[in-house]
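Chemist:
In my numbering, the protein residues as written are 48 to 1290.
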């Protein structure tokens, strides 16, 4: 300790030396000492160091002064409070000194000190007291008007302080406001500007009363019609206040807007610019409150975006279409016209930015924008000022993005894959389509202009257009190509310009048919190939991507191919030699290497037969690249591409070696490489089996067993697909798999995780194995391995319990084997029937046998065997639940296989056996779900009648089943059956109504269906049940609403205005539904309305994702706020909603922040009563974590901590160890970014 003091006192001594170098070195050493975390100073040293540094601020040598200032910042955290205050006092008094240099250095020092003041709760008292000192001194300095530079520095420091620590200055807010407002009338422009900045920092965290005072002040001053220069300042201040204070301006807009509108009429360009900046701030910050004024503002913007009084645009169209001779003259006159005082461009630019703000915040007005704003923006493409033109392009791109956002969002119902469903076009998209010719006409001339900025703007706008309506530029390609070529070949073009042109061309090639480009090949290719030779790697890399697409254009494959018409021959040699040069080079950028491999791969795939003797050389290079760790993944993908080329490229020269290298890749830990390699091997085995010797596949087969494992289902699926290809193409290679791969395959079949694609791959593989007769695994051997684990009691061979899913998987495998080997299947069926009949066999074996019978029956190979029906009915009366359920599944599956045999029998049983109704309805559900509509049609009436007899059943489980059957049956013949459900809604009892509404839920499927258009017309009738008297009907109506919002949002978008109030009504707690139940000595409250509220909040959560633009977010937040104080389940939901809302519309959440913080705080600080049960503790812990997630989401928004209540809560979290640890763990889970998915990819 004393050593440090000694060292420092030595340094202090040197600082008093007369030699400036000594002073400099000593100060430098002190600074290094202070930057060490370990340094501790005793009180005496602290005082000495501080006073010495403050003395050095007045040193004669500038360098010493600079170093002394740098020492102040680290000192703040090292010395105690009195010393910091002493520092600040001296610095502040220096600020008002007469010496200019001392003033400057002291203001730098103050800024450094402010930046270092601690924000944590422990240092808050220091921060607050220091801030008070500085503020009172600075307010004093502001009052002294003698020297403007003092005022400027003081304002600067205040801005810094308010920006970082405004929370600590709450007590000073009003005095700050009263000293800042007079500065707005200062004669010096700079003082006014800095005062505006300081006010901007004050606004977010001041009290509502102060905010009103400020706005009132601005309004009254503006009302006095001050001179123009003052008006500018006030309007500028208004814009800043609105940008910073956000939603608070909303309540004053009614008076502000007319005022600002009035000032746009004053002949002053800068004032107009500030007016539009204010409008832009209003639109971005208070979109809702601006609604009534949108029309006024739009009109003004449209008027002033063309405001160019000193320049005459020839509006006559004739000069556009006349020869381009005038172009040269035009440009000359452009350069001559130079009026430096002309500020009108600023007005145009701010008006256009204001329009852009409008487009980006009001998607709901998109259609009206197309009629009002779109033509006006297109007319301004000819703007003469580069900066303004760039903004016109940016605004138009925003319009395109908004259009695209809509069309992808509504696309669920529309994606016209199903010919029965017409693809409805988004109205905005069809309006845009009509404008395409006009857009191209306006832009294609600009693509040849000298100005790089405007060309880049054109390309980015055309790229947006192509993304918004792919294929829309097809007939305009001849007009665009000269522009692209010009940007690629023009000598004066910068490299970024070339890259932009190439990337636009790439997008164009991807989204338009090859025939559009073939006629222009001789112009396009040389320009692109020249770029490929460029020295800058980024250009080369983009050019390779484009060339790759051009190769596809030369000779398309697949659906786009057309017979003859275009001969690629003249171009092949040229493209090949340039690409080959890049492929051979090893000293080039990684990206270029990869793209050269890929581009050459496409050449071989599309034009391999034209390469002649060169081909083998190329393949040899590919083999080299395959062995190189950096390029191996790209090489694998390229070989996959070549091997499946329709040109049947001969790969025999590289096959044996390639196979052994590929085999070794299966051991690697890189998942993408594994998957790529498996796909490559599959393509090679499928297309080149003739050239592959079974021995060369050995190394590959040895690597497969570890890959077939439940830990990565996708890799397993691809591995099994490869085995299937081997079994079909070269069966002899599979001789040894019974001991290597098969145990893994059976483990996978018995795994509870097996489903979907992986299961289908296994079924194909088993069938291929039986048919290939290659390995020693015949039908009976496979069957035995599949069913063995089920023959003993409930555990499988390795002691683990068999999962229900594995029964279904094995049943499907057995059925697949039976269908692959028809001669063996009757014997199998007989033994299965015996197994079910045998009461002595274990339950697992009987359940499996039933499911197998069902799956075999599904393929229709059982016939209408009476014996089977008897066996099933017998199983229905078993005492074992598992056996009953299996029987009901089996009956359903058999009925799918032979409808006419089993359906009448099934319907008869449902009527005759009320006790087995539930099981039989399950079978019926399976039939309706799995049978094609055409085969069900004749039976629809009888099924419908039967279901309606049971739609008022008192058992809710049975009712839900009936509803699901009704819903799925309606999909078979919607035209007839949907109106019947509507009728039933009016006629039936409450139970019948709830069944019908639930049935509608099952008609809303997440893919396009013929019923969609009918549903759209009548879903309103079904949603009216949200007002039903019966609470249960309201609950199922909410569930149906939720399902519609999730699966087909377009059904309900138009009805939100009508039904949201009813939805919100259901979120309220109703006292009349809460009752007390006596349980022995205890009283227990039961809330019958809880389920309905839960359904309502779940529905609200779904609407956030699918119909955000149809919601009034502030009204929505009112109900979320209520939910934050509700029951446990509902609070959990509303915390999730809040976190989602923060990311979707932070502005609205900030508006309600103060009201939302309280319930969050209450949840985070609640403690469970001592002595409560364990579940209570767990529940409360889960609630706190969930609330903390919402808090973490809020704190991620930068403006949040400006709210005093939130800043206070944040400090509370930091200072309370318990809450801080929850916050850390939540942060780690959410923001750490290493979720399970990322981990998995590394495997």
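All C-beta atoms, glycine included, are put in the ideal place defined by N, C-alpha and C.
Please read all numbers here as calculations on a predicted model, not as lab measurements.
Please list, in chain order, all residues of the same chain as residue 283 whose beta carbon is under 7 Å from its beta carbon, the five residues on each side excluded.
Modeler: Answer for residue 283: 243, 321, listed in chain order.
Chemist: Where residue 975 and residue 878 are concerned, what is the direct C-alpha to C-alpha distance, given to the nearest angstrom?
Modeler: Straight-line Cα distance between these residues: approximately 29 Å.
Chemist: Please classify residue 1224 as buried or exposed, where buried requires at least 16 neighbouring CB atoms within 10 angstroms.
Modeler: The residue in question, residue 1224, is exposed, as its Cβ has fewer than 16 Cβ neighbours within 10 Å.
Chemist: What residues in its chain sit with their C-beta under 8 Å from that of residue 1221, if we drop five residues either side in the sequence?
Modeler: Here the set comprises nothing.
Chemist: Quick one: is residue 296 buried, meaning 16 or more other Cβ sit within 10 Å of its Cβ, or exposed?
Modeler: Buried.
Chemist: Work out the CA separation of residue 1210 and residue 1231 for me, nearest whole Å.
Modeler: So the two alpha carbons sit approximately 6 Å from each other.
Chemist: Unbroken alpha helix (DSSP H) runs of length 4 or more, entirely within the stretch 621-677: which are they?
Modeler: You should have 637-654, 661-674.
Chemist: Could you pull the start and end residues of the alpha helix (DSSP H) that residue 1099 belongs to?
Modeler: First-last of the alpha helix (DSSP H) with residue 1099: 1096-1099.
Chemist: Taking the straight line between their C-alpha atoms, what separation do you get for residue 795 and residue 896?
Modeler: Taking the straight line from one Cα to the other gives about 20 Å.
Chemist: Let's test the definition: count the other Cβ atoms within 10 Å of the Cβ of residue 588 and tell me whether it reaches 16, buried, or not, exposed.
Modeler: Result: buried.
Chemist: Going by DSSP, what residues sit across from residue 1121 in a beta bridge?
Modeler: DSSP lists 1134 as partners of residue 1121.
Chemist: Under the three-state reduction of DSSP, which class applies to residue 354: helix, strand or coil?
Modeler: Coil, per DSSP.
Chemist: What ranges does the alpha helix (DSSP H) occupy inside the stretch 709-794, keeping only unbroken runs of at least 4 residues that lie completely in it?
Modeler: List check, alpha helix (DSSP H) in window: 718-734, 741-750, 760-776.
Chemist: Can you tell me whether residue 510 is buried or exposed, with buried defined as 16 or more other CB within 10 angstroms of its CB?
Modeler: Burial call: buried.
Chemist: Alpha carbon to alpha carbon, how far is residue 51 from residue 81?
Modeler: Their Cα atoms are separated by approximately 11 Å.
Chemist: Can you name, in chain order, every residue of its own chain whose Cβ lies under 6 Å from the Cβ of residue 850, other than the five neighbours on each side?
Modeler: Hits under 6 Å: 799.
Chemist: Once DSSP output is grouped into helix, strand and coil, what is the label at residue 1126?
Modeler: Note: residue 1126 maps to strand in three-state DSSP.
Chemist: Should residue 698 and residue 735 be called a contact, given that it needs their Cβ atoms to be closer than 7 Å?
Modeler: Closer than 7 Å, so yes.
Chemist: So, helix, strand or coil for residue 1051, using DSSP?
Modeler: The answer is coil: DSSP assigns residue 1051 none of H, G, I, E or B.
Chemist: Using the rule of at least 16 other Cβ atoms within 10 Å of the residue's Cβ for burial, across every protein chain shown, is residue 127 buried or exposed?
Modeler: So residue 127 ends up on the exposed side.
Chemist: Among the residues of its own chain, which have a CB less than 7 Å from the CB of residue 1149, if the five just before and after it don't count?
Modeler: So the qualifying residues of the chain are 1089, 1092, 1093.
Chemist: Taking residue 512 as the reference, which of 121, 293, 445 has the closest Cα?
Modeler: Among 121, 293, 445, the Cα nearest to that of residue 512 belongs to 445.
Chemist: Considering residue 247, what are the terminal residues of the alpha helix (DSSP H) in which it resides?
Modeler: Note, residue 247: alpha helix (DSSP H), 236-249.
Chemist: Is the shortest distance between the beta-carbon of residue 935 and the beta-carbons of chain C less than 7 Å?
Modeler: You won't find chain C in this structure, because it holds only one protein chain.
Chemist: For residue 517, which residues of its own chain have a beta-carbon under 6 Å away from its beta-carbon, when the five flanking residues on both sides are left out?
Modeler: Same-chain partners within the cutoff: 558.
Chemist: Could you have a look at residue 978 and say whether DSSP puts it in helix, strand or coil?
Modeler: Coil at residue 978, not helix or strand.
Chemist: Can you give me the start and stop residues for the alpha helix (DSSP H) that residue 808 sits inside?
Modeler: Looking at the DSSP string, the run of the alpha helix (DSSP H) that includes residue 808 is 803-819.
Chemist: Would you identify the three-state DSSP class for residue 68, choosing helix, strand or coil?
Modeler: Residue 68 falls in the helix class under three-state DSSP.
Chemist: With a cut-off of 8 Å on the beta carbons, I'd call residue 651 and residue 696 a contact; round off their distance for me.
Modeler: The Cβ separation is near 6 Å, so the contact holds.
Chemist: Out of 116, 105, 210, 272, which one is the CA nearest neighbour of residue 1250?
Modeler: The shortest C-alpha separation from residue 1250 is found at 210.
Chemist: Can you tell which of 758, 899, 783, 437 has the C-alpha that lies nearest to the C-alpha of residue 746?
Modeler: Checking every option, the nearest Cα to that of residue 746 belongs to 783.
Chemist: Select from 328, 305, 302 the residue whose C-alpha is nearest the C-alpha of residue 292.
Modeler: Measuring from the Cα of residue 292, the nearest candidate turns out to be 328.
Chemist: Does the stretch 151-162 touch the stretch 109-124, meaning 3 or more C-beta pairs lie closer than 8 Å?
Modeler: A contact exists between the stretch 109-124 and the stretch 151-162.
Chemist: Taking the continuous alpha helix (DSSP H) assigned at residue 91, which residues delimit it?
Modeler: Looking at the DSSP string, the run of the alpha helix (DSSP H) that includes residue 91 is 90-103.
Chemist: Which of the three DSSP states is assigned to residue 1017 in this structure?
Modeler: DSSP places residue 1017 in helix when its eight states are reduced to three.
Chemist: Between residue 741 and residue 752, what straight-line distance do the alpha-carbon atoms span, to the nearest angstrom?
Modeler: Roughly 18 Å separates the two Cα atoms.
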